[in-house]
Amino acid sequence: MWFSRLLQRLFPPAPTPAALYLYLALAVVGSIVIIVALHRLLGLRGRRWLIAFVTFIAGLFFGLEYFYPVHGDPGKNFLSDWIEPVSVMLTVVGAFTVGLGIYSLLQVHGRNLARRRPGWHNSLAFFLATFAMLVFGLWEHYLHLPQPPPEVVPWPKGIYEILFNGLFAPLQAATFSLLAFYIASAAYRAFRVRTGEAALMMAAAFIVMIGQVPVGAWLTSFIPADSPAAFFRLEMLGEWVLRWLNTPAQRGIIFGIAVGALAMSLRIWLSLERGTFFSEQS
Amino acid sequence: MSAPQPTTLSDRIQQIPRHYVYLLLAGVVVWQLLFPIRLPITPSVPTRGVYDAVAAVPDDKLIIITTDWDASTQAETGPQTQAVIHACFQNHKKFVIMNLQPPMGVKLAQDLAQEAAQEYGAVYGVDYANWGYKYGYENVLMAMAKNIPNAIGDDFYGKPVGELPLMQGVQDIHDIGLVVIVTGLSAMTEMWVGLIQGPYNTPLAAAYTAVMAPIYYPYLDSNQLKGMLVGAKGAAELEAMVDRPGKAVAIMNVQSWAHVLIIALIIVGNLGYLFARGRGGGRQP
Amino acid sequence: MGSLEHANWFMRILFLSLCAIIVAGVLLAQRGREMFIRRIPGLTAIEEAVGRATEMGRPIFFSPGLDSINIVTLQALAILSYIVRLAAAQATRIIVGLRSPIVYPVAEESVREAYDAVGRPENFRPDDIRFISDEQFAYALGAVGIISREEVATNFLFGAFYAEALILTENGRALGALQVAGCPEPTQIPFFIATCDYVVIGDEYYAASAYLTREPTLTGSLVGQDICKAIVIAIIALGVGLATVFAPEKNFLLTWLGGGG
Numbered sequence: 003m004w005f006s007r008l009l010q011r012l013f014p015p016a017p018t019p020a021a022l023y024l025y026l027a028l029a030v031v032g033s034i035v036i037i038v039a040l041h042r043l044l045g046l047r048g049r050r051w052l053i054a055f056v057t058f059i060a061g062l063f064f065g066l067e068y069f070y071p072v073h074g075d076p077g078k079n080f081l082s083d084w085i086e087p088v089s090v091m092l093t094v095v096g097a098f099t100v101g102l103g104i105y106s107l108l109q110v111h112g113r114n115l116a117r118r119r120p121g122w123h124n125s126l127a128f129f130l131a132t133f134a135m136l137v138f139g140l141w142e143h144y145l146h147l148p149q150p151p152p153e154v155v156p157w158p159k160g161i162y163e164i165l166f167n168g169l170f171a172p173l174q175a176a177t178f179s180l181l182a183f184y185i186a187s188a189a190y191r192a193f194r195v196r197t198g199e200a201a202l203m204m205a206a207a208f209i210v211m212i213g214q215v216p217v218g219a220w221l222t223s224f225i226p227a228d229s230p231a232a233f234f235r236l237e238m239l240g241e242w243v244l245r246w247l248n249t250p251a252q253r254g255i256i257f258g259i260a261v262g263a264l265a266m267s268l269r270i271w272l273s274l275e276r277g278t279f280f281s282e283q284s
Numbered sequence: 108m109s110a111p112q113p114t115t116l117s118d119r120i121q122q123i124p125r126h127y128v129y130l131l132l133a134g135v136v137v138w139q140l141l142f143p144i145r146l147p148i149t150p151s152v153p154t155r156g157v158y159d160a161v162a163a164v165p166d167d168k169l170i171i172i173t174t175d176w177d178a179s180t181q182a183e184t185g186p187q188t189q190a191v192i193h194a195c196f197q198n199h200k201k202f203v204i205m206n207l208q209p210p211m212g213v214k215l216a217q218d219l220a221q222e223a224a225q226e227y228g229a230v231y232g233v234d235y236a237n238w239g240y241k242y243g244y245e246n247v248l249m250a251m252a253k254n255i256p257n258a259i260g261d262d263f264y265g266k267p268v269g270e271l272p273l274m275q276g277v278q279d280i281h282d283i284g285l286v287v288i289v290t291g292l293s294a295m296t297e298m299w300v301g302l303i304q305g306p307y308n309t310p311l312a313a314a315y316t317a318v319m320a321p322i323y324y325p326y327l328d329s330n331q332l333k334g335m336l337v338g339a340k341g342a343a344e345l346e347a348m349v350d351r352p353g354k355a356v357a358i359m360n361v362q363s364w365a366h367v368l369i370i371a372l373i374i375v376g377n378l379g380y381l382f383a384r385g386r387g388g389g390r391q392p
Numbered sequence: 003m004g005s006l007e008h009a010n011w012f013m014r015i016l017f018l019s020l021c022a023i024i025v026a027g028v029l030l031a032q033r034g035r036e037m038f039i040r041r042i043p044g045l046t047a048i049e050e051a052v053g054r055a056t057e058m059g060r061p062i063f064f065s066p067g068l069d070s071i072n073i074v075t076l077q078a079l080a081i082l083s084y085i086v087r088l089a090a091a092q093a094t095r096i097i098v099g100l101r102s103p104i105v106y107p108v109a110e111e112s113v114r115e116a117y118d119a120v121g122r123p124e125n126f127r128p129d130d131i132r133f134i135s136d137e138q139f140a141y142a143l144g145a146v147g148i149i150s151r152e153e154v155a156t157n158f159l160f161g162a163f164y165a166e167a168l169i170l171t172e173n174g175r176a177l178g179a180l181q182v183a184g185c186p187e188p189t190q191i192p193f194f195i196a197t198c199d200y201v202v203i204g205d206e207y208y209a210a211s212a213y214l215t216r217e218p219t220l221t222g223s224l225v226g227q228d229i230c231k232a233i234v235i236a237i238i239a240l241g242v243g244l245a246t247v248f249a250p251e252k253n254f255l256l257t258w259l260g261g262g263g
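Those protein sequence lines, which keep their order, are chains V, Z and P.
Throughout, the numbering used here is defined as the position within the first sequence, counted from one, plus 2.
Throughout, the numbering used here is defined as the position within the second sequence, counted from one, plus 107.
Throughout, the numbering used here is defined as the position within the third sequence, counted from one, plus 2.
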């Protein structure tokens with residue numbers, strides 16, 4: 003295709019790794035210059051128009067590729083071959099948000115420290131933890147030191163393991179474990195049989211809770227598994243509630259949310275959405 | 108909005124201080140960890156579906172195990188991943204681990220895979236591999252569908268995946284025999300169903316935390332998922348099927364009696380409510 | 003069943019019709035047509051909840067969820083803007099706890115603009131827009147710390163919440179705060195219902211910005227959505243009937259919905 007040939011002429015493959023890094027650096031700097039120039043030259047309305055245009059084109063690409071008639075086997079249209087490079091490009095662009103996220107974190111915590119806001123010690127802990135994990139993680143992964151004997155753990159790897167497996171992972175797991183206790187107290191406090199519907203819901207909840215654990219199977223193990231009454235074994239009843247009562251309800255919720263998401267996506271694509279992020283409040 | 112002090116017995120039954128509830132639950136957990144009452148575990152139909160899906164993968168195709176979980180859900184998703192890895196090794200199926208979010212999952216899963224590989228004499232790069240954490244969500248899947256080596260790039264150790272022996276002949280999604288999604292995160296399944304299972308009919312199975320599993324029964328019912336592991340119970344059932352009882356079985360011992368305790372507390376609370384209502388009270392908690 | 007990689011004629015007609023209905027709803031509303039939206043208790047309660055905080059002289063806590071910038075978070079920020087205007091008009095303090103560093107500047111701008119819009123720019127406190135942590139449970143514990151230390155009267159949780167939801171709401175309930183939650187994720191709805199006073203469920207959440215602002219674009223889109231849902235229900239009903247009567251290979255609807263180019 004002519005567009006592919008033009009791109010290959012303008013951007014030939016880099017002959018050496020050094021040339022590749024130079025091209026990447028030039029591309030990043032060039033992009034920043036272009037974006038800053040556009041930001042300065044275009045007024046508020048111009049910027050909004052540009053954002054709306056780029057949003058529309060980006061959405062149009064994937065929509066058009068899906069809807070445009072296809073030919074051949076496997077079915078392809080004139081946009082299909084671009085899916086892979088565009089997806090890779092979007093992945094690269096999206097990866098910049100990781101850098102943006104890190105920059106925002108440093109900025110926010112740095113401001114807290116500089117101004118000694120309440121809780122500044124948490125921001126100090128953030129910096130210490132971040133740099134410790136960064137230094138020892140990169141050191142352990144990238145610095146190719148001579149291999150020690152198998153029984154000796156290199157000390158950067160040891161510190162990294164202490165920070166990750168000894169501190170970070172157990173802290174996360176421990177906090178998640180709090181939920182078990184909160185579930186118990188919330189269930190005890192909130193589940194009251196005030197109406198007939200509540201009683202039905204309670205019965206279903208008991209069946210599913212007990213049916214999902216070995217105690218439930220044990221309680222009704224006297225019912226033979228291959229008999230007509232096997233349906234009344236608690237694990238079978240629980241499975242029935244989940245597959246035949248829960249599933250249609252979940253389907254209804256999924257459809258509703260999908261249509262809602264379609265509408266919102268359409269509004270964003272056509273720049274019809276209102277709100278602070280998009281335009282001045284009406 | 109703090110509750111008034113309980114005066115009658117029925118009020119006290121409805122307002123057991125939450126510290127006592129926590130202590131009771133902690134007591135049950137410690138009791139079962141120290142003195143477990145082992146009850147038999149029978150694999151359910153959804154769990155059998157996962158095992159059968161693994162066994163049915165053709166020998167020349169790869170299994171992808173996506174480990175989109177971290178330490179917070181490790182109690183459920185860790186044993187699930189381990190059981191699936193055992194099922195792959197026992198059925199002599201080659202598999203790769205990958206992760207779209209959060210990054211921690213591939214490291215935790217790699218530790219599990221290495222441990223299991225030692226047991227079966229499996230070799231990294233030949234029998235299994237780790238594609239690592241790939242940022243980009245839908246974009247990664249769309250690119251993978253057309254060209255896996257380009258989309259994935261390097262593995263967990265920084266080596267180009269195309270150079271791994273088990274990747275010989277693996278070009279695009281048609282060379283994948285099964286995707287097993289092990290996750291504690293929402294929205295991962297919808298991505299795989301929408302971009303991989305739907306367009307390319309790639310078989311899909313899944314393992315979820317118990318909280319998430321109910322919302323994915325529609326996918327199981329419509330055969331978009333071949334099988335599903337539900338929480339620690341599903342992991343315990345698959346451990347039983349692969350004859351490797353491990354952490355999930357221990358967790359189920361605890362969970363059984365924790366569920367019994369919660370049901371007992373709910374019943375006690377409702378008894379207090381009914382007594383109070385009978386007396387003309389009926390306290391709003 | 004055909005591939006879903008590209009649309010077939012049925013999917014083109016169906017999808018484009020759904021989009022056209024939504025856009026038509028927007029255009030009709032913009033031309034002044036009155037459109038009815040039923041009462042959504044969780045959203046109607048927002049004013050009551052803000053009033054409660056004002057009477058008690060205690061602040062409000064708002065969490066826009068844990069996701070980065072996406073349609074769920076944008077909806078949450080629209081609700082935040084509405085709540086801030088209500089609170090600012092009553093000189094009630096509102097603390098926003100954030101998880102995503104990318105949402106942080108957007109939320110700060112949103113709150114500042116809301117204070118400006120009601121003519122109270124001097125009441126805006128940048129320190130009340132707090133980025134807590136980008137780790138899920140560190141965020142939850144930090145938010146609980148804020149809720150407890152500030153003794154908030156009202157808790158608003160709108161957005162994408164996951165496992166940490168119960169940590170937030172159970173601690174808020176223990177403090178006696180009035181809690182209003184809204185989340186499109188079905189997994190957390192049971193926990194919100196058990197611990198919150200008002201809950202906005204499923205696609206009521208996406209209706210929130212239209213319901214609160216009555217902006218014609220949003221209202222028209224909402225009505226268009228409802229018509230689309232009616233069409234989907236009709237297709238489901240037709241599909242159930244056909245699947246009951248015909249074998250799969252003779253079920254034309256199954257073939258049409260399978261897509262294929």
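In this text, a Cβ means the ideal position worked out from N, Cα and C, and glycines have one as well.
Quick check on the DSSP output: the beta strand (DSSP E) that includes residue i runs from which residue to which?
{"i": "I104/P", "result": "Counting along the chain, I104/P falls outside any beta strand (DSSP E), and DSSP gives it neither H nor E."}
{"i": "I148/P", "result": "Looking at the DSSP string, I148/P is not in any beta strand (DSSP E); the run it does join, the alpha helix (DSSP H), is Q138 to E152."}
{"i": "A313/Z", "result": "L311 to Y315"}
{"i": "T290/Z", "result": "I283 to T290"}
{"i": "A205/Z", "result": "The amino acid occupying residue 205/Z in the given sequence is Met; Ala does not appear at that position. Unbroken beta strand (DSSP E) run through M205/Z: F202 to N206."}
What residue from the options has the CA that sits closest to residue i's CA?
{"i": "I209/V", "options": "M238/V, I104/V, V100/V and A39/V", "result": "M238/V"}
{"i": "G77/V", "options": "K231/P, I85/P, E7/P and A116/P", "result": "E7/P"}
{"i": "R1/V", "options": "T257/P, V234/P and S223/P", "result": "This structure cannot settle anything about residue 1/V, because the visible part of chain V is limited to 3 through 284."}
Under 8 Å between the Cβ atoms of residue i and residue j?
{"i": "A109/P", "j": "L79/P", "result": "yes"}
{"i": "Y213/P", "j": "I42/P", "result": "yes"}
{"i": "I229/P", "j": "I23/P", "result": "yes"}
{"i": "L168/P", "j": "Y184/V", "result": "yes"}
{"i": "V182/P", "j": "A51/P", "result": "yes"}
{"i": "D205/P", "j": "V35/V", "result": "no"}
{"i": "A162/P", "j": "G44/P", "result": "no"}
{"i": "Q187/Z", "j": "A342/Z", "result": "yes"}
So the alpha helix (DSSP H) residue i belongs to, where does it begin and stop?
{"i": "G334/Z", "result": "Here G334/Z belongs to no alpha helix (DSSP H), and DSSP marks it neither H nor E."}
{"i": "S91/V", "result": "Strictly speaking, residue 91/V in this sequence is Met, with Ser absent from that position. Run containing M91/V: I85 to A116, per the alpha helix (DSSP H) assignment."}
{"i": "N257/Z", "result": "I255 to I259"}
{"i": "V375/Z", "result": "K354 to G385"}
{"i": "Q214/V", "result": "Counting along the chain, Q214/V falls outside any alpha helix (DSSP H), and DSSP gives it neither H nor E."}
{"i": "A91/P", "result": "I73 to A91"}
{"i": "I54/P", "result": "In the sequence as presented, Ile is not what sits at residue 54/P; that position holds Arg. Per DSSP, R54/P belongs to the alpha helix (DSSP H) from P43 to M58."}
{"i": "P153/Z", "result": "V152 to A162"}
At least three beta-carbon pairs within less than 8 Å, the region 66-80 of chain P to the region 16-33 of chain P: In this structure the region 66-80 of chain P does not lie against the region 16-33 of chain P, because fewer than three pairs of beta carbons, one per stretch, are closer than 8 Å.
Sufficient close CB pairs (3 or more, under 8 Å) joining the region 309-319 of chain Z to the region 281-288 of chain Z: With three or more CB-CB distances shorter than 8 Å, the region 309-319 of chain Z counts as touching the region 281-288 of chain Z.
Contact the region 167-187 of chain Z vs the region 199-206 of chain Z: 3+ CB pairs below 8 Å: Verdict: yes, contact present.
Sufficient close CB pairs (3 or more, under 8 Å) joining the region 150-161 of chain Z to the region 344-359 of chain Z: Yes: the two stretches touch, three or more of their Cβ pairs being nearer than 8 Å.
Interface positions of the region 148-172 of chain Z facing chain V (Cβ-Cβ less than 9 Å), listed along the chain: If you check each beta-carbon in the region 148-172 of chain Z against every beta-carbon of chain V, the ones closer than 9 Å belong to I148, T149, S151, V152 and P153.
Contact the region 127-137 of chain P vs the region 97-108 of chain P: 3+ CB pairs below 8 Å: Contact between the region 127-137 of chain P and the region 97-108 of chain P is present, because at least three Cβ pairs lie under 8 Å.
Inter-stretch contact at 8 Å, needing at least 3 Cβ pairs: the region 243-251 of chain Z / the region 290-306 of chain Z: At 8 Å Cβ cutoff, the stretches touch.
Cβ contact check for the region 316-323 of chain Z and the region 262-273 of chain Z: 3 or more pairs under 8 Å: With a cut-off of 8 Å, the region 262-273 of chain Z and the region 316-323 of chain Z do not count as touching, because too few Cβ pairs lie within range.
Interface positions of the region 43-70 of chain P facing chain V (Cβ-Cβ less than 7 Å), listed along the chain: Among the residues of the region 43-70 of chain P, none has a Cβ less than 7 Å away from any Cβ of chain V.
The region 188-196 of chain V contacting the region 195-208 of chain P, beta-carbon criterion three pairs below 8 Å: Between the region 188-196 of chain V and the region 195-208 of chain P there are three or more inter-stretch CB-CB distances shorter than 8 Å, so the stretches are counted as touching.
Under 9 Å (Cβ pairs) to chain Z, residues found in the region 193-219 of chain V: When C-beta distances to chain Z are compared with 9 Å, the residues of the region 193-219 of chain V below that value are F193, R194, V195, R196, M204, A207, F208, V210, M211, I212, Q214, V215, P216, V217, G218 and A219, in chain order.
Segment contact, 8 Å Cβ cut-off, at least three pairs: the region 236-253 of chain V with the region 22-34 of chain V: A contact between stretches requires three or more CB pairs, one per stretch, nearer than 8 Å, and the region 236-253 of chain V fails this requirement with the region 22-34 of chain V.
Segment contact, 8 Å Cβ cut-off, at least three pairs: the region 225-238 of chain Z with the region 98-109 of chain V: Taking one beta carbon from each stretch, the region 225-238 of chain Z and the region 98-109 of chain V have fewer than 3 pairs nearer than 8 Å; the two do not touch.
Segment contact flag, the region 366-374 of chain Z with the region 223-233 of chain V, C-beta cutoff 8 Å, min 3 pairs: The region 366-374 of chain Z is not in contact with the region 223-233 of chain V.
Residues in the region 92-108 of chain V having any Cβ partner in chain P nearer than 7 Å: Flagged, chain order: T99, L102, G103, S106 and L107.
Three CB pairs or more closer than 8 Å across the region 87-95 of chain V and the region 238-248 of chain Z: Contact between the region 87-95 of chain V and the region 238-248 of chain Z is established, with three or more Cβ pairs separated by less than 8 Å.
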